[in-house]
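Those protein sequence lines, which keep their order, are chains A and B.
Residues in the first sequence are numbered consecutively from 30, following my numbering.
Residues in the second sequence are numbered consecutively from 30, following my numbering.
We put the beta carbon where it would ideally sit given N, CA and C, even for glycine.
If you're wondering where the values come from, they're calculated on a predicted model, not measured in any experiment.
Comments concern the structure below.
2 protein chains.
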Amino acid sequence: MATASDFRQRLRGAALRVTRPRVAVLEAVHAHPHADTDTIIGAVRGELPKVSHQAVYNSLRALTDAGLVRRIQPAGFVARYESRVGDNHHHVVCRACGSIADADCAVGEAPCLTASDDRGFTIDEAEVVYWGLCPACSAPESA
Amino acid sequence: MATASDFRQRLRGAALRVTRPRVAVLEAVHAHPHADTDTIIGAVRGELPKVSHQAVYNSLRALTDAGLVRRIQPAGFVARYESRVGDNHHHVVCRACGSIADADCAVGEAPCLTASDDRGFTIDEAEVVYWGLCPACSAPESA
DNA sequence: TCCTTATCTTGACTGATTCCAGAAAATGCA
DNA sequence: TGCATTTTCTGGAATCAGTCAAGATAAGGA
């Protein structure tokens, strides 16, 4: 498990200033995979009660731009964040409750990265979202 | 090209009441592929100036639920609508200007439809978004 | 034509995210 | 270590897509 000083190092490595809010946000994203901004704000305030929501938004933006966290935003849901970066894995999203699980594509390393016709676009990423129902939501009424 | 009576038939076929706003919305979606709600409101009002934005939102929801139009919502952009339905084709999205083009996946008919590990989810759709830059945005400053 | 029910109009409202200006803190250098 | 510079944070207002709600209107079937 990563420590606070690990996170500080990562921030420095990305040429970002090391601030308390940023370290706490990085910790929160690691501790709560696929959490939305509100959850992260809550987690951060568990440690730094006075952090403004704006600081969390700023930090998430900075961390995302630096590639230290990854933003996910399935259609119809608010933005989520995860700490697993650099491998372009994909996600399974529950239509009912919005829960997210990681998934690796069945087809090789860079799945579907080439569209049959790219329409002249310069493509740098293929994002795949699997839509369905999570185990809990696909089960009948019972627990 | 589809006529107004074609659209009326499609609405009836989907067990939806045929109303002026719905016909106009269906026309607008066909005439403006990948348009956002605001654009559609504008197009609809070109024909029916008094239509409320709520009626357009209601219609788009009804048409989407009925499968007559498809909603697209790339991360960070507002919802768009298109009339090409039933083939689960994919999209190329420009990071800079948000423009969208259709794309068929290189890998067979149901690309990447099976994740290597579905985590117990019941998956019914694999959505693929190719991110990059459109020809206009990837070109240097010149025209 | 009349009745029932769905849809539309109007206008307020929500909730995620952003913008702004002044205060505070982090880094670099003496 | 102490100061200057620059970035970041705080606090609060603002934006914007989309939704909610109640009464008026129109669609479809008897």
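Query	Result
Could you check what DSSP says for B/Arg-99 in three-state terms: helix, strand or coil?	strand
Which residues, taken in chain order from the region 154 to 168 of chain B, show a beta carbon closer than 7 angstroms to some beta carbon of chain A?	Glu-154, Ala-155, Glu-156, Val-157, Val-158, Tyr-159, Trp-160, Gly-161, Leu-162, Cys-163, Pro-164 and Ser-167
For a contact meaning CB atoms closer than 9 angstroms, what does B/Asp-147 contact in chain A?	Val-121, Ala-130, Ala-132, Tyr-159 and Gly-161
Output yes if chain A places a C-beta closer than 7 angstroms to the C-beta of B/Ile-69; else output no.	no
Determine whether the beta carbon atoms of A/Arg-99 and A/Ala-108 lie at a separation below 7 angstroms.	no
Who are A/Val-158's beta bridge partners in DSSP?	A/His-120 and B/Glu-156
Which residue marks the beginning of the beta strand (DSSP E) containing A/Ala-132, and which one marks its end?	129 to 132
State the beta-bridge partners of B/Arg-109 as determined by DSSP.	B/Asp-65 and B/Ile-101
Check the Cβ-Cβ distances between A/Phe-106 and every residue of chain B, and say whether any is below 7 angstroms.	no
Between A/Thr-177 and chain B, is any beta-carbon pair separated by less than 7 angstroms?	Since the first residue shown for chain A is 30 and the last is 172, residue 177 of chain A is missing from the structure and cannot be characterised.
Just to make sure I have the definition right: I need the residues of chain A whose C-beta is within less than 9 angstroms of the C-beta of B/Gln-173. Which are they?	An answer regarding residue 173 of chain B cannot be provided, because it is not within the stretch 30 to 172 covered by chain B.
So what's A/Thr-32 in DSSP terms, helix, strand or just coil?	coil
So, helix, strand or coil for A/Thr-151, using DSSP?	strand
Would the region 151 to 166 of chain B and the region 118 to 126 of chain B be scored as touching if the rule is three or more Cβ pairs under 8 angstroms?	yes
Report the option in B/Phe-106, B/Asp-147, B/Pro-103 and B/Val-47 whose CA atom is closest to the CA atom of B/Leu-92.	B/Val-47
Helix, strand or coil: how does DSSP classify B/Pro-78 here?	coil
Excluding five sequence neighbours on each side, which residues of the same chain lie with their C-beta closer than 6 angstroms to the C-beta of B/Phe-106?	Gly-127
Answer yes or no: do A/Arg-39 and A/Leu-97 have a C-beta to C-beta separation smaller than 7 angstroms?	yes
Suppose contacts are defined by Cβ-Cβ distances below 7 angstroms. Is B/Leu-77 in contact with B/Arg-49 by that definition?	yes
Can you list, in chain order, the residues of its chain with a C-beta nearer than 6 angstroms to that of B/Pro-62? Leave out the 5 residues immediately preceding and following it.	Glu-111
Nearest by alpha-carbon distance to A/Ser-167: which of B/Ile-152, B/Val-114 and B/Pro-103 is it?	B/Ile-152
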